[in-house]
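Protein chains in written order, with the numbering used here: chain A, 4 to 142; chain B, 4 to 142; chain C, 4 to 142; chain D, 4 to 142; chain E, 4 to 142; chain F, 4 to 142. For each residue, glycine too, the CB sits at the ideal point set by N, CA and C. These numbers were taken from a predicted model, which means no experiment stands behind them. Structure record follows, encoded as structure tokens.
There are 6 protein chains.
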Amino acid sequence: MIYITRRERFSAAHRMYREEWTDEKNLKVFGKCSNPNWHGHNYVLYVTVKGEPAENLGFFININTLKRIIKDKVIDKIDHRNLNLEVSFMQGKIATTENLAIAIWDELKPAVEKEGAILHCIKISETENNSIEYYGKEY
Amino acid sequence: MIYITRRERFSAAHRMYREEWTDEKNLKVFGKCSNPNWHGHNYVLYVTVKGEPAENLGFFININTLKRIIKDKVIDKIDHRNLNLEVSFMQGKIATTENLAIAIWDELKPAVEKEGAILHCIKISETENNSIEYYGKEY
Amino acid sequence: MIYITRRERFSAAHRMYREEWTDEKNLKVFGKCSNPNWHGHNYVLYVTVKGEPAENLGFFININTLKRIIKDKVIDKIDHRNLNLEVSFMQGKIATTENLAIAIWDELKPAVEKEGAILHCIKISETENNSIEYYGKEY
Amino acid sequence: MIYITRRERFSAAHRMYREEWTDEKNLKVFGKCSNPNWHGHNYVLYVTVKGEPAENLGFFININTLKRIIKDKVIDKIDHRNLNLEVSFMQGKIATTENLAIAIWDELKPAVEKEGAILHCIKISETENNSIEYYGKEY
Amino acid sequence: MIYITRRERFSAAHRMYREEWTDEKNLKVFGKCSNPNWHGHNYVLYVTVKGEPAENLGFFININTLKRIIKDKVIDKIDHRNLNLEVSFMQGKIATTENLAIAIWDELKPAVEKEGAILHCIKISETENNSIEYYGKEY
Amino acid sequence: MIYITRRERFSAAHRMYREEWTDEKNLKVFGKCSNPNWHGHNYVLYVTVKGEPAENLGFFININTLKRIIKDKVIDKIDHRNLNLEVSFMQGKIATTENLAIAIWDELKPAVEKEGAILHCIKISETENNSIEYYGKEY
Numbered sequence: 004m005i006y007i008t009r010r011e012r013f014s015a016a017h018r019m020y021r022e023e024w025t026d027e028k029n030l031k032v033f034g035k036c037s038n039p040n041w042h043g044h045n046y047v048l049y050v051t052v053k054g055e056p057a058e059n060l061g062f063f064i065n066i067n068t069l070k071r072i073i074k075d076k077v078i079d080k081i082d083h084r085n086l087n088l089e090v091s092f093m094q095g096k097i098a099t100t101e102n103l104a105i106a107i108w109d110e111l112k113p114a115v116e117k118e119g120a121i122l123h124c125i126k127i128s129e130t131e132n133n134s135i136e137y138y139g140k141e142y
Numbered sequence: 004m005i006y007i008t009r010r011e012r013f014s015a016a017h018r019m020y021r022e023e024w025t026d027e028k029n030l031k032v033f034g035k036c037s038n039p040n041w042h043g044h045n046y047v048l049y050v051t052v053k054g055e056p057a058e059n060l061g062f063f064i065n066i067n068t069l070k071r072i073i074k075d076k077v078i079d080k081i082d083h084r085n086l087n088l089e090v091s092f093m094q095g096k097i098a099t100t101e102n103l104a105i106a107i108w109d110e111l112k113p114a115v116e117k118e119g120a121i122l123h124c125i126k127i128s129e130t131e132n133n134s135i136e137y138y139g140k141e142y
Numbered sequence: 004m005i006y007i008t009r010r011e012r013f014s015a016a017h018r019m020y021r022e023e024w025t026d027e028k029n030l031k032v033f034g035k036c037s038n039p040n041w042h043g044h045n046y047v048l049y050v051t052v053k054g055e056p057a058e059n060l061g062f063f064i065n066i067n068t069l070k071r072i073i074k075d076k077v078i079d080k081i082d083h084r085n086l087n088l089e090v091s092f093m094q095g096k097i098a099t100t101e102n103l104a105i106a107i108w109d110e111l112k113p114a115v116e117k118e119g120a121i122l123h124c125i126k127i128s129e130t131e132n133n134s135i136e137y138y139g140k141e142y
Numbered sequence: 004m005i006y007i008t009r010r011e012r013f014s015a016a017h018r019m020y021r022e023e024w025t026d027e028k029n030l031k032v033f034g035k036c037s038n039p040n041w042h043g044h045n046y047v048l049y050v051t052v053k054g055e056p057a058e059n060l061g062f063f064i065n066i067n068t069l070k071r072i073i074k075d076k077v078i079d080k081i082d083h084r085n086l087n088l089e090v091s092f093m094q095g096k097i098a099t100t101e102n103l104a105i106a107i108w109d110e111l112k113p114a115v116e117k118e119g120a121i122l123h124c125i126k127i128s129e130t131e132n133n134s135i136e137y138y139g140k141e142y
Numbered sequence: 004m005i006y007i008t009r010r011e012r013f014s015a016a017h018r019m020y021r022e023e024w025t026d027e028k029n030l031k032v033f034g035k036c037s038n039p040n041w042h043g044h045n046y047v048l049y050v051t052v053k054g055e056p057a058e059n060l061g062f063f064i065n066i067n068t069l070k071r072i073i074k075d076k077v078i079d080k081i082d083h084r085n086l087n088l089e090v091s092f093m094q095g096k097i098a099t100t101e102n103l104a105i106a107i108w109d110e111l112k113p114a115v116e117k118e119g120a121i122l123h124c125i126k127i128s129e130t131e132n133n134s135i136e137y138y139g140k141e142y
Numbered sequence: 004m005i006y007i008t009r010r011e012r013f014s015a016a017h018r019m020y021r022e023e024w025t026d027e028k029n030l031k032v033f034g035k036c037s038n039p040n041w042h043g044h045n046y047v048l049y050v051t052v053k054g055e056p057a058e059n060l061g062f063f064i065n066i067n068t069l070k071r072i073i074k075d076k077v078i079d080k081i082d083h084r085n086l087n088l089e090v091s092f093m094q095g096k097i098a099t100t101e102n103l104a105i106a107i108w109d110e111l112k113p114a115v116e117k118e119g120a121i122l123h124c125i126k127i128s129e130t131e132n133n134s135i136e137y138y139g140k141e142y
């Protein structure tokens, strides 16, 4: 089994909050990340898929196929957007990086599997100091 | 003359646009950076000051003094904020990184000079691929 | 299960040696890392914890809580210190990065568990080329 | 069990293609990576080995031993070379990073085991955006 | 005056040598960089241009214009190519990074000036340890 | 004129203090960097030299020559050492990065000039956030 990781980047605005809470309660729970006027990040996304390389090709998925899937399913929908207001797969969810990783996993899984590969890990770095990994429901 | 550079980071939301233009015109001129729902970045700020080290100290400005000035004058006002709506020194300006570098220069210059140092350069990286430098009006 | 990683940094002096050996023997076994006059590093520490995000929060541990635990239990005791002479949790141990990773694991585990999270991995980079990972006794 | 990772770098030329295919077919399958006049990369290699630290040493393998093994078995044979024409352990294989990772695994495994350590992972970054991991046949 | 820097990357094969010299002489002068079977790099290119921001725009050149110029004039001609055999602006020149920086300067200068900007610096990193800067003939 | 920069690294212990001051006064002036038990860093050194490339070579100094000079004059004397106790060119000086940059300039200048090149800049990063540049007495 070989693991291949593609790194992509997107810039987005977001705010961590629950609509049913007051701004005060949100600020108490989520801190400065709950600023009602938004803030934003350069998110770095690492998508890892695994598979058995075909002997006549030396790979199991063309990196350009993987790149195109990530662009179609994630980057085009999220880059230079507002996570809370504009990103379809984040609707109704608190805009934490944790929830974002799970949503991107769900977004990518069917497309990756259609190519005969297995989705292994979604890693997102929100800043150079904070990052999240998700390996699917079983782990 | 010795040059010392302090690197700091801040995360902010912004939008490039002119109020008197329609969203269409703004999008045409500024592209996706003009998204009305905002987007954001992890900005990296490099502040370079210069001076002659005092012989009995081996430096001309304590790095902690420089750090505190940048925190007080810039980071505390801009981190996890909206550049357009909330940052005092960006009011009435288009929120480009170019204007941000000039505004931060103006914000820091008096405080740096009060410490006997000379402000040399403000560098801001908006993404890993795009960065701006400003050396003051004379350069 | 979600994995969250916090990156922190500390600068410290150290020396790899066994007290009961001569300097010659220490230098033969540990090389230049055994210099009796010490040397030092900018260590980079990555602490990974895991858990199930609470639905009403979107996370299982507040990153600021994790940051505070690492600061209290590790950084405040080790930054700008001598690993061999001053760091309580390294007393009586050879100051290798391997032993440091295990000691930091033991230091952090109870505090992380008190927050309802599971400590998953301690990774320490001693230089850009050398790093250590520890996943607890079972792995 | 402790995991130690050594990072090394090498620069090499390569081309992805099958000899029995025409240039046209190769370009269709492998894209610009199949350029008949070659192209090249700064590859970054991460070798992870694991073991139980000896109590009287604080490590299970001297990092310099690991460094020497990687230099002898890999770097000296591959750095500033052509992967397709000159690298013994890539003969008869398509010069993908996937195949390279497997070949380097096979090259390093006996030498690492002779030192009493277990080879855990070969990771190769071909560019800052694309990387491959291999954990042996069982994973 | 504001300085804006765009970072781009390209992967290429090359060889340092003089045709009129024997392989032996070339290897003696240029070392392993003269390997007749080629080697290659992930080059990182930094293009810095300067100008006075227009007050109604907040910039003097749209970063996307700069990006397009670099793509058209440099990246499309050099990425995944052989510097010696295939790159028009390197014909008849020894394929050092020094000569590459000068050639890219000459390639970009007219196009940058047509946009009303001034080309300030071409920086190329060949590896993480070696880089070249060129500021034009006058410096 | 072409500028070439070589990056090297060294790990060292140090302490900022004046012998004639008490530990208390030293701690007040230099902060935690004055810890009497030492601390240390992974210093990153960037040496920039300039010159006119010879037409028949495509460079003005062989990067390996520059590398060897830096190794002989700096790295071999400073790596895995104590800046205050063991490094000849730091004797009698306060071990700040500012003084270190000036001392390394003085150490390298004659050797660089003997090769027909001009020393342009010594840059040292003490941590990822703090760095120093020195361009000689005239700047």
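Helix, strand or coil: how does DSSP classify residue i here?
i              : result
G95 (chain F)  : coil
E11 (chain B)  : strand
G2 (chain D)   : Absent from the structure is residue 2 (chain D), since the part of chain D shown begins at 4 and ends at 142.
A16 (chain A)  : strand
K126 (chain E) : strand
E3 (chain A)   : Residue coverage of chain A in this structure runs from 4 to 142, which leaves residue 3 (chain A) outside it and unanswerable.
G43 (chain A)  : strand
R71 (chain D)  : helix
T51 (chain E)  : strand
N38 (chain E)  : coil
Would you report the Cα separation of residue i and residue j, rounded to the nearest angstrom?
i              : j              : result
H3 (chain E)   : M93 (chain B)  : Nothing can be reported for residue 3 (chain E), as the shown portion of chain E is limited to 4 through 142.
M4 (chain A)   : N102 (chain D) : 11 Å
T25 (chain D)  : I135 (chain D) : 27 Å
K76 (chain E)  : E110 (chain F) : 42 Å
K53 (chain D)  : I107 (chain C) : 19 Å
K112 (chain C) : E141 (chain A) : 23 Å
Y49 (chain A)  : I7 (chain A)   : 10 Å
S37 (chain C)  : Y20 (chain C)  : 6 Å
G139 (chain F) : R71 (chain C)  : 43 Å
Y137 (chain D) : A120 (chain A) : 15 Å
K35 (chain C)  : E131 (chain C) : 18 Å
L86 (chain C)  : S91 (chain E)  : 57 Å
E27 (chain B)  : A57 (chain E)  : 20 Å
L69 (chain D)  : F33 (chain E)  : 30 Å
With a threshold of 7 Å (Cβ to nearest heavy atom), would residue i be considered close to the ligand NAD?
i            : result
I7 (chain B) : The ligand content of the structure shown is nil, which means the ligand NAD is not present either.
Is the beta carbon of residue i sitting closer than 8 Å to the one on residue j?
i              : j              : result
I105 (chain F) : Y46 (chain F)  : no
I66 (chain F)  : N59 (chain E)  : no
T100 (chain F) : E129 (chain F) : yes
N40 (chain B)  : E89 (chain A)  : yes
E116 (chain D) : I73 (chain D)  : no
G43 (chain B)  : G43 (chain A)  : yes
E55 (chain C)  : F62 (chain C)  : no
TODO: Give, in chain order, every residue of the segment 121-139 of chain E whose Cβ lies closer than 8 Å to some Cβ of chain G.
DONE: Within the model displayed, chain G is absent; protein chains A, B, C, D, E and F are what it includes.
Open item on the list: Would you call the segment 70-88 of chain D in contact with the segment 14-24 of chain D, where contact means no fewer than 3 C-beta pairs closer than 8 Å?
Closed with: yes
TODO: Note down, in chain order, all residues in the segment 59-92 of chain D with a beta-carbon under 7 Å from any beta-carbon belonging to chain E.
DONE: H83, R84, N85, L88 and E89
Task: Near-chain F residues of the segment 23-56 of chain C (beta-carbon distance less than 8 Å), N- to C-terminal order - done: K35, C36, N38, N40, W41, H42, G43, H44 and N45
- [ ] Give the residues from the segment 10-22 of chain A that approach chain B closer than 8 Å (Cβ to any Cβ), ordered along the chain.
- [x] R12, S14, A15, A16 and H17
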